[in-house]
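Visitor: Below you will find the structure I want to go over with you.
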Amino acid sequence: MVQEKQKMNIVVMDGYTMNPGDLSWDALEDLGHCRIYARTPPELIIERAKDADIVFVNKSGLTRQDIEQLPRLKFIGVLATGYNVVNLEAARERNIPVTNIPAYSTESVVQMVFAHVLNLSVGLAHHAETVRQGRWSQSVDFCYYDTALTELYDRVLGIIGYGRIGQAVARVARAFGMQILVHSRTRPETLQDGVTWTDMDELFRQSDVVTLHCPLTEETEGLVNAEHLAAMKSTAYLINTSRGPVVDEQALADALNSGEIAGAGLDVLSEEPANPDNPLLQARNCTITPHIAWATQAARRRLLRIAADNVRHFLDGDLQNVVNGVTRINDQKGLK
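Next comes the structure, spelled out in structure tokens:
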């Protein structure tokens, strides 16, 4: 079996963001002949993957045309939870399983959510910068504050999307003593203690902080629009660590600049890397981080381990974390 596995050609198309050098690729390299590329532009996908049995992608993606031009391809792994970068139907027609990496970054994303909440609630970054600029040294008082300092205790946190991450956010919010409202596509049969189900409109009206944890679908695209922003409290904050297009970015910029809401903390944008013309880059009290909620070393280590496990299951004639409906492997143990 070991010899058979080593014959498999494994290509990682864009490995840099997952592993810029602080992790080992040994788990994948033990399973076959590996070629790791930091980044792959679309025009080089076929050249680099033409001899591959197994291909891993993150943002580089695989179109129908790509898949049709890779006759040796037997397995596609997405190095992320979202898998819209791969043409699932084209892979399914070839009986090629497409796998993803679920639930690897929950704790890290929750941490980023509250990093943004805490920053906004006390103006953390702003006040730290004024100290660096010498303002505290020149102050006639022992302290100063330019923004309202908000205590989270007894404030209302509205969570849109009540999956693994939404539930984990709720648990941490309870530790802060926050009241919690949730809304998601389907209403769960049971809720955590201290969590109240409500409709979308009421959640926007009542929440002091709204945090988004829903997938990007036709129904959720532009979900945070001008109408919902207008319904929010003028003292409220919006947090987005899910997908950029869930938010109407011009509407949010307008709401921030007019004082309709107090601030926003975003880890994702509709176009990444950020378009320099994105109105949120210059919006008032808008803190943006470069899509790093998932990227702690612990989370990336879990991601790499699960990716290797997905391949190992495939090579053993089994499948896990398949997202395109392929339930069996054409050839015994996934090999020709």
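According to my numbering, the sequence shown holds residues 2 to 337 in order. Yeah, the Cβ is synthetic: ideal placement off N, Cα and C, and Gly gets one too.
1) Between which two residues does the alpha helix (DSSP H) harbouring LEU74 extend?
2) How far does the beta strand (DSSP E) with ASN241 in it extend, from its first residue to its last?
3) Taking 8 angstroms as the threshold, find out whether the region 7-25 comes into contact with the region 301-318 through three or more Cβ pairs.
4) Using the C-alpha atoms, what's the distance from ASN101 back to ALA308?
5) So, do the region 197-215 and the region 240-258 have three or more beta carbon pairs nearer to each other than 8 angstroms?
6) Check whether the Cβ atoms of GLY78 and ASN311 sit closer than 8 angstroms, and answer yes or no.
7) Suppose you measure from the CA of ALA261 to the CA of ARG73; what does that come to, to the nearest Å?
8) Have a look at ASP142 and GLY16 and give me their C-alpha separation to the nearest angstrom.
9) How many whole angstroms separate the CB atoms of ASP268 and MET113, which I take to be in contact at a CB cut-off of 8 angstroms?
10) Based on the DSSP output, what are the partners of THR100 in its beta bridges?
11) Please report how far the alpha carbon of VAL327 lies from the alpha carbon of ASP155, in whole angstroms.
12) Helix or strand or just coil, what does DSSP make of HIS127?
13) Is it buried or exposed, GLY318, if we count other Cβ atoms within 10 angstroms and call 16 or more buried?
14) Under 6 angstroms Cβ to Cβ from GLY162, same chain only, skipping five residues before and after it: list those, please.
15) Can you name the residues that DSSP bridges to HIS34?
16) Does at least one heavy atom of the ligand ATP sit under 7 angstroms from the Cβ of PHE315?
17) Between the alpha carbons of TRP137 and GLU130, how many angstroms are there, rounded?
18) Near VAL86, which residues of its chain fall below 8 angstroms by C-beta distance, leaving aside the five closest residues on each side in sequence?
19) To the nearest whole angstrom, what separates the beta carbons of VAL226 and ASP194, a pair I think is in contact under 8 angstroms?
20) Should GLY159 and PHE115 be called a contact, given that it needs their Cβ atoms to be closer than 8 angstroms?
21) When you compare the CB positions of VAL56 and MET14, do they come within less than 8 angstroms of one another, or not?
22) Quick one: give me the first and last residue of the beta strand (DSSP E) that PHE57 is part of.
23) Round the Cβ separation of LEU253 and LEU281 to the nearest angstrom and send it over; I've been treating them as touching at under 8 angstroms.
Guide: Inspection of the coordinates gives the following:
1) Counting along the chain, LEU74 sits inside no alpha helix (DSSP H), nor does DSSP assign it H or E at all.
2) 238-241
3) Contact between the region 7-25 and the region 301-318 is present, because at least three Cβ pairs lie under 8 angstroms.
4) 8 angstroms
5) yes
6) It is a contact, given that the beta carbons lie within the stated cut-off.
7) Strictly speaking, residue 261 in this sequence is Glu, with Ala absent from that position. Spanning the two alpha carbons is a distance of roughly 55 angstroms.
8) 51 angstroms
9) In this structure ASP268 is in contact with MET113, their Cβ atoms being roughly 6 angstroms apart against a cut-off of 8 angstroms.
10) GLY78, VAL323
11) 47 angstroms
12) helix
13) Its Cβ having fewer than 16 others within 10 Å, GLY318 is exposed.
14) SER185, HIS214, CYS215
15) Answer is ASN10, bridged to HIS34.
16) What this structure holds is no ligand at all, so the ligand ATP is not there to describe.
17) 10 angstroms
18) VAL58, ASN59, LYS60, SER61, GLY62, LEU63, VAL79
19) Reading off the sequence shown, one finds Asn at residue 226, where the question assumed Val. No, ASN226 and ASP194 are not in contact; Cβ-Cβ is about 32 angstroms, not under 8 angstroms.
20) Taking 8 angstroms as the Cβ cut-off, GLY159 and PHE115 do not qualify as a contacting pair.
21) yes
22) 55-58
23) 6 angstroms
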